[in-house]
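Let me begin by presenting the structure, written as structure tokens, before commenting on it.
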Amino acid sequence: MNASETTAQSGDAVSESAPAHRKPDFLGLGGMRCGSTTLWEMLRVQPDVFLPEQKELHYFDNKDGLWDRGVGAYLDYFDGAKADQVCGEITPEYLSVDFCTQRMKDLVPDARLLVVLRDPVSRAWSHYRMSVGWGAETLPYEKALRMEDQRLVAAGRGPEGIEANVSFSYLERGRYVEHLVRLEQAFSREQLLVLMLPDFRSDRPGVMRRVREHLGLPAEPPGGELQRPPETTNALGPMCKNLKLNRTIQRLYPAARGGDTVLHKATRKGLDAVKRMNTLSENPKPSEAANAWLREYYAPFDAELEQWLGHPVPWRA
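Numbering of the sequence shown is given in full-length UniProt numbering, commencing with residue 1 and proceeding in unit increments.
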């Protein structure tokens, strides 16, 4: 494989004295809660594909501060790639965070891009459940949907608002066609491969062959047999009763895990007990009214998506 190289030292500058690094050949962009973990597991077992041990690097969105540490710190993650491997990473936030697109274009203009989509209605609920689990979300589901625009505008649309964007963009992240058009304008249609999550269940080998060919690899890997990774569900935990109490618990856990003193152990035990009491015995589902509203909301975006793709999407079949 011909790997790209760079000699960069920061997210915005290049240093001639820095050692050459391998650039990623491909990026998995999400969508968020659309099966990126499954894609990551599928790619990890391919002998001619290299992925860092850490699934989500969050360089281009700077969610964890990696952009601030510089491009060299990012490219260090790909130093283990062999010459006969393609290398890349998967961070599902990249698809729908606007400012990531230009950052990706600037660093890896020739990268192959992988996108996985699912029914945006079920995606929104899964996203909400995850935000509740993090302790970020304290609003009921339908109110959180209504408040989305206000929250995102208040937080800011640039890097300063990334935490709110990750946590509260339930509607925005399901407007897939907007994100795909933006990517197509920055890169090219040929660099984009759009996959559908149901195909991962019905024809996983076929999906893997399409991915391999998109990455410039033979449809069949060395040895001639597609290895099958363990099945992954990335299931969400049980739902909590009181969302604000859950946020308090989640914020206290890191300090409680910080040592093995009697106080630390007692705090962890107490938090675990409160968490159990704050857990519903059965996981709730979104109301029929919420789902119907979402279905109507997404209808024009899904129609545009089908036109862009040139074929129907499975959740409208």
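We put the CB at the ideal spot given by N, CA and C, even for glycine.
Expressed to the nearest angstrom, what Euclidean distance is found between the alpha-carbon atoms of residue 198 and residue 126? 16 Å
To the nearest angstrom, how far is the alpha carbon of residue 150 from that of residue 144? 10 Å
Verify whether the separation of the beta carbon atoms of residue 35 and residue 118 is less than 8 Å. yes
Straight-line Cα distance separating residue 134 from residue 261: 26 Å
So the alpha helix (DSSP H) residue 121 belongs to, where does it begin and stop? 120-134
Okay, do the stretch 185-194 and the stretch 158-172 touch, 3+ Cβ pairs below 8 Å being the bar? no
Simplified DSSP assignment, three categories, for residue 112: strand
From residue 91 to residue 191, what distance separates their C-alpha atoms? 17 Å
Helix, strand or coil for residue 58 per DSSP? coil
Could you give the uninterrupted runs of the alpha helix (DSSP H) lying entirely in the stretch 62-97, keeping only those of 4 residues or more? 66-69 and 71-75
Helix, strand or coil, according to DSSP, for residue 311 in the structure here? coil
If you draw a straight line from the alpha carbon of residue 98 to that of residue 178, how long is it in whole angstroms? 10 Å
Using three-state DSSP, classify residue 166 as helix, strand or coil. helix
Nearest to residue 56 (by Cα), restricted to the options 85, 160, 95 and 20: 95
Looking at residue 81: is its Cβ nearer than 8 Å to the Cβ of residue 60? no
Top-ranked residue by Cα proximity to residue 302, from 266, 223 and 173: 173
Quick test of the definition: if touching needs 3 or more C-beta pairs under 8 Å, does the stretch 63-81 touch the stretch 214-222? no
Buried or exposed (CB count within 10 angstroms, at least 16 for buried), residue 22: buried
Compare the Cα-Cα distances from residue 79 to each of 131, 58, 24 and 300 and report the closest residue. 24
On the three-state DSSP scale, how would you describe residue 28? strand
List the DSSP bridge partners of residue 196. 117
Pick from 171, 304, 210 and 287: whose alpha carbon is nearest that of residue 33? 171
Helix, strand or coil for residue 49, going by three-state DSSP, please let me know. strand
Report buried or exposed for residue 112, applying the criterion of at least 16 other Cβ atoms within 10 angstroms of its Cβ. buried
Secondary structure at residue 301, three-state DSSP: helix, strand or coil? helix
Among residues of its own chain, excluding the 5 on either side of residue 131, which ones have a beta-carbon nearer than 6 Å to its beta-carbon? 137 and 167
Just verifying my parser: in three-state terms, what is the DSSP assignment at residue 33? coil
Around the C-beta of residue 169, are 16 or more other C-beta atoms found within 10 angstroms, so that it is buried, or is it exposed? buried
Beta-carbon spacing of residue 30, residue 93 below 8 Å: yes
Confirm, please, whether the CB-CB distance from residue 152 to residue 161 is below 8 Å. yes
Inspect the beta-carbon positions of residue 120 and residue 196 and report whether they are closer than 8 Å. no
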